[in-house]
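What follows is a short report on a single structure.
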Amino acid sequence: MPGLARTDDRTFVAAMQDMNVAILNPVFLTVFTAPLIAFVVAAVTGPSRVWVIAAGVLYLAMFVITVAGNIPLNDALLAVGATQDAAALETARQAFEGPWNRLHLIRTVAVVASFGCCLGAISVA
């Protein structure tokens, strides 16, 4: 998001709206949700249960943050529409950018830690 942070409000809002619409597709939703199923299967059948459970919990945290935090922010930004009102765009960006970036940082840390736990599971197996 550093590149978008340097844009004007109109460009920022339009770009985020376009990205949030484009990401809603079957491929993304499959890639986003399939690991949850894989974690459950591995935790039940694998020798590295503790690592796999930790990885699953961290991935689930990322999932919950996305669904409960980032997606509602995306939806609120979409609701602004394609307005040309500079004040409305500025207000929408201010309500979106900071909270979205904070949540994104937290979910990024969670998913990287989940990946680290997956590596731990591989090393034990």
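Under the numbering used here, the first residue of the sequence shown carries the number 5, and numbering increases by one thereafter.
We put the CB at the ideal spot given by N, CA and C, even for glycine.
What's the gap between the Cα of L120 and the Cα of Y63? The sequence given here places Gly at residue 120; Leu does not occur at that position. Using only the alpha carbons, I get a separation of about 11 Å.
Span separating the alpha-carbon of N74 from that of P30
19 Å
Just the C-alpha distance for A46 and L40, rounded to the nearest angstrom, thanks. 10 Å
- Identify whether I69 lies in helix, strand or coil by the three-state DSSP scheme. In this structure, I69 counts as helix in the three-state DSSP scheme.
Practice task
Out of V56, L8, D13, V128, state which residue places its alpha-carbon closest to the alpha-carbon of Q98.
Solution key: For Q98, the nearest C-alpha among the options comes from D13.
How many angstroms separate the CA atom of F16 from the CA atom of M66? 24 Å
Quick test of your reading: L77 and W104, contact by CB under 8 Å. State the CB separation rounded to the nearest angstrom.
5 Å
key: Environment of A58 [buried if 16+ CB atoms lie within 10 Å]   = Burial state of A58 is buried, judged by a 10 Å Cβ sphere holding 16 or more other Cβ atoms.
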